[in-house]
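Protein chains in written order, with UniProt numbering: chain Y, 1 to 414; chain W, 1 to 318.
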């Protein structure tokens with residue numbers, strides 16, 4: 001049935017718009033049908049909706065949003081202009097749907113006031129069902145669906161409606177209408193999941209890159225003892241030949257336990273600078289680098305001397321006869337990974353800048369002076385500006401020719 | 001938070017399955033299993049002609065495949081008989097009663113990756129990309145790809161941008177559908193390492209009525225990012241930090257019911273005795289690369305957790 005309907009409408013379209021005879025469109029069979037349904041289903045290109053000048057267009061009111069200045073004031077102005085033009089508010093569903101499409105262009109998609117303003121466009125008390133028959137059936141379905149769309153867009157951007165939204169919906173559609181139900185559901189579930197995130201991201205990220213790095217590093221380090229050190233502040237330097245050299249920021253973090261781990265590291269095996277690894281804070285992605293070593297198979301767990309403390313035993317190994325029912329550990333092999341010694345965030349991912357970080361780390365960790373430092377950097381998006389320094393090599397190859405490559409590899413020896 | 005609420009009645013949803021689809025990708029797996037094929041045959045991308053291939057042409061009548069099938073199924077049958085003699089689920093009765101933890105999925109070899117299916121919004125015409133591989137030392141699974149929220153230009157789809165990973169339904173001998181019995185446990189335990197994006201865990205339980213076919217139980221996991229492993233083990237939303245790894249587990253009582261991506265008004269606790277699949281969905285509307293490294297997925301019995309269901313079970317919720 002559906003295909004039949006498509007075919008009929010397609011035939012009309014083709015005959016009118018493209019000059020293909022109607023019979024021919026039908027006669028060519030499946031292929032032509034596919035083509036025709038495809039052109040029927042093609043939506044306008046993504047991005048801001050295009051203005052349509054013709055009066056009888058399918059989506060009216062697009063041209064009223066074509067303005068030079070796109071901000072909240074002009075958006076509200078358009079709505080006010082419409083509301084003051086006609087008492088009957090003819091075509092309110094169309095203008096609301098057009099406004100919903102244009103909201104991101106005007107930058108008001110996260111503004112609750114604007115959504116309330118949009119709902120205010122609906123004429124009041126016209127769509128409230130008056131008797132039980134109207135209540136039983138879907139009263140003014142087009143308008144109700146439109147209001148639901150507004151609420152759904154709010155939901156999509158995570159905006160909790162307020163009392164005024166409820167008041168407007170009650171005034172427009174009456175209690176127990178579909179938009180009111182939607183509003184109730186949103187008010188039920190939104191507060192429930194509001195604080196589920198144990199690692200909350202602030203709504204406004206700091207604009208200063210050093211502050212942002214500080215926040216991110218504290219987030220990924222997850223250790224209250226760790227200290228952030230700024231190895232280089234961002235600044236621009238004027239060279240002698242008039243050019244401006246920009247110095248990017250380097251911010252690192254290291255905790256006391258990481259310092260002791262690095263101190264215990266065997267200096268003959270290299271440590272690696274790896275990265276960039278992405279970290280997402282809502283919609284922004286930042287990159288960080290880590291200093292780590294390969295897992296050491298020779299390394300043994302240090303045995304704690306039982307007699308070091310006279311007052312309480314530092315390790316206690318009682319042979320408790322534990323049953324299966326008391327065993328809360330998981331029967332899996334541990335993932336073998338090398339220790340992480342430090343983390344940093346830098347303005348760009350080239351080795352010069354990361355070298356500054358390593359040099360700064362040497363002050364607190366003198367062992368880095370004897371340890372070879374190998375840069376294992378992936379080609380991240382931040383390295384596009386310095387292609388000659390980009391190095392992405394597999395691990396096996398590195399170990400083979402480590403001896404010859406070491407000098408040019410900026411071995412961090414003093 | 002990709003949270004969608006049930007607004008329109010079932011009738012309406014049935015007529016428009018495509019814009020509910022991005023939110024419940026678990027229901028649209030990539031046609032490996034019989035019962036999934038039944039479902040995905042209903043979804044047709046707008047603009048595509050219907051598939052009119054007769055059913056006998058879709059069957060592969062090859063002799064080699066038949067022999068391999070016989071081998072596989074009789075092998076499975078033998079294993080099932082042996083397991084049955086040993087005890088329920090292939091474990092002894094003592095283990096069954098006493099065990100407090102269980103590792104359901106771990107990722108140590110390529111066979112472990114075969115137990116999972118991937119899907120993304122490419123099925124509805126989107127542009128996200130997903131792939132799954134083993135981690136650096138063949139000890140973890142790395143689920144990575146790119147999320148792209150560009151809506152396919154077919155005129156009907158309104159939202160796009162999801163990536164998902166779903167475990168395959170366990171199949172016994174002769175393709176009988178099996179399910180996991182997790183009634184001894186009350187908590188899902190995950191050891192993951194993400195990049196700061198929020199994910200959604202979906203659990204599908206086997207149901208009797210076909211109307212409940214699309215039901216899913218969901219909850220969120222929030223990754224922290226960074227080089228450290230994160231044991232997702234949340235206890236009443238309080239997480240305990242133990243020497244740079246936080247313990248966090250998801251009790252089954254927290255999972256809420258949704259159908260076709262819409263939270264249902266009439267909530268019901270998850271029945272853990274017939275679990276068919278577990279999945280992870282990403283749909284946080286942030287374009288760009290993502291990655292989630294999973295060490296293992298386990299279950300544990302948290303004796304301190306007594307909550308039955310975290311949400312109200314009124315007749316009509318709001």
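Just so it is clear, CB atoms sit at the ideal spot from N, CA and C, and this is done for glycine as well.
Asked, Found
"Within-7 Å CB hit, residue 103(W) to chain Y", "yes"
"Interface flag, residue 36(Y) vs chain W, CB-CB below 7 Å", "Here the model assigns residue 36(Y) a pLDDT of 46, short of 50, so the residue's position is not dependable and the matter cannot be decided."
"Paired residues, beta bridge with residue 232(Y) - DSSP", "250(Y)"
"Cα-Cα separation, residue 347(Y) to residue 205(Y)", "17 Å"
"Simplified DSSP assignment, three categories, for residue 137(Y)", "coil"
"Backbone secondary structure at residue 336(Y) - three-state DSSP", "coil"
"Assigned exposure category for residue 239(Y) - 16 Cβ within 10 Å defines buried", "exposed"
"Secondary structure of residue 150(W), DSSP reduced to three states", "coil"
"DSSP three-state assignment for residue 344(Y), whether helix, strand or coil", "strand"
"Neighbour list for residue 102(Y) in chain W, Cβ cutoff strictly below 8 Å", "In chain order: nothing, as chain W lies at least about 16 Å away."
"DSSP-derived helix/strand/coil call for residue 85(Y)", "helix"
"Under 7 Å between C-beta atoms of residue 160(W) and residue 196(W)", "no"
"Partners in chain Y for residue 263(W), counting only beta-carbon separations shorter than 8 Å", "185, 189"
"4-residue-minimum alpha helix (DSSP H) runs that sit fully inside the stretch 68-135 of chain W, ordered along the chain", "93-98, 110-113"
"In DSSP terms, what residue 281(W) is bridged to", "164(W), 200(W)"
"Alpha-carbon spacing of residue 51(W) relative to residue 228(W), whole angstroms", "48 Å"
"Straight-line Cα distance separating residue 335(Y) from residue 168(W)", "24 Å"
"is_contact[residue 288(W), chain Y] using C-beta, thresh 7 Å", "yes"
"For residue 284(Y), the residue or residues it bridges with in DSSP", "281(Y)"
"Residues bridged to residue 292(Y) (per DSSP)", "272(Y), 340(Y)"
"Beta-carbon gap between residue 269(W) and residue 305(W) smaller than 7 Å", "no"
"Candidates 199(Y), 130(Y), 178(Y), 251(Y), of which the one nearest residue 361(Y) by Cα", "251(Y)"
"Within chain Y, the residues that residue 95(W) reaches when beta carbons sit closer than 7 Å", "324"
"Min CB distance residue 279(Y) to chain W below 7 Å", "yes"
"Continuous beta strand (DSSP E) stretch holding residue 250(W): start and end", "249-251"
"Beta-carbon contacts of residue 309(W) that lie in its chain and below 6 Å, excluding the five residues immediately before and after", "253, 269"
"Residue-chain proximity (residue 54(W), chain Y), Cβ-Cβ < 7 Å", "no"
"Which of helix, strand or coil DSSP assigns to residue 300(W)", "strand"
"Where residue 77(Y) falls: helix, strand or coil (DSSP)", "helix"
"Rounded straight-line distance, which links the Cα of residue 222(Y) to that of residue 230(W)", "10 Å"
"Same chain, Cβ closer than 7 Å to residue 71(Y), five either side skipped, listed in chain order", "106, 107"
"Nearest to residue 165(W) (by Cα), restricted to the options 298(W), 292(W), 299(W)", "292(W)"
"Chain W contact for residue 220(Y) (CB, 7 Å cutoff)", "yes"
"Alpha helix (DSSP H) segment containing residue 213(Y), residue limits", "209-221"
"Contact list for residue 197(Y) against chain W, beta-carbon separation under 9 Å", "1, 198, 220, 222"
"As assigned by DSSP and simplified to three states, the class of residue 214(W)", "helix"
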